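Here is the structure we will look at, set down as structure tokens.
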Amino acid sequence: MNKKKAAEKRSISLQKPPFFDDVANRQVVMKLQTTAGMPYAKNDIQTFLILNSFLVLTPRLAGMVLIAFGLLTLVWGLAEYHAEIRQLKKSYPNAHKSKASMLGILILMLGLALFLAALFRQ
């Protein structure tokens, strides 16, 4: 009988994510439950679901933020590149323009397409 209970306890403990070992997370859930008028979670899975329902930064939103920062950085870099080329043309009129700006514009268009796809996904 003791072996059976020990085996059940082991299987249950393997199913629990390590996230719930923290007492502070349990206290946050209890505080959310009391302020939102939600029923108390009976187990760790319900606690996990309650915490995820209050998640503000979703993976999709995090991806969109990263794409937006990448696009802004690329635009800034292209602007600096063109300013430097203008300065270089003043000193060296025969200096040729590299293909880096065309590649930067192509990457910018790809990033913009990815951002719009993430924004308007169904």
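Numbering-wise, the sequence shown is residues 0 to 121 according to numbering that gives the first Met the number 0.
Ideal placement from N, C-alpha and C gives every residue a C-beta, glycine not left out.
Since the structure is predicted, the reported quantities are computational estimates derived from the model, not experimental observations.
| query | result |
| --- | --- |
| Coarse secondary structure for residue 120, derived from DSSP in three states | coil |
| Boundaries (first-last residue) of the alpha helix (DSSP H) holding residue 57 | That residue, residue 57, is in no alpha helix (DSSP H); it is neither H nor E in DSSP. |
| Residue 63 vs residue 117 beta-carbon contact at 7 Å | yes |
| Alpha-carbon to alpha-carbon, residue 73 and residue 56 | 24 Å |
| Nearest-angstrom Cα separation, counted from residue 89 out to residue 61 | 43 Å |
| Proximity winner among 102, 101, 85 and 71, relative to residue 94 (alpha-carbon distances) | 85 |
| Sub-7 Å separation of residue 110 and residue 76 beta-carbons | no |
| For residue 96, three-class secondary structure by DSSP | coil |
| Rounded separation between residue 67 and residue 91 - CA only | 35 Å |
| Closer than 6 Å: residue 76 CB and nearest the ligand SAM heavy atom | For the structure depicted, the ligand SAM is absent and the ligand set is empty, with no information on it obtainable. |
| Beta-carbon proximity list for residue 80, same chain, < 8 Å, skipping 5 on both sides | 99, 100 and 103 |
| Distance, residue 82 Cα to residue 71 Cα | 17 Å |
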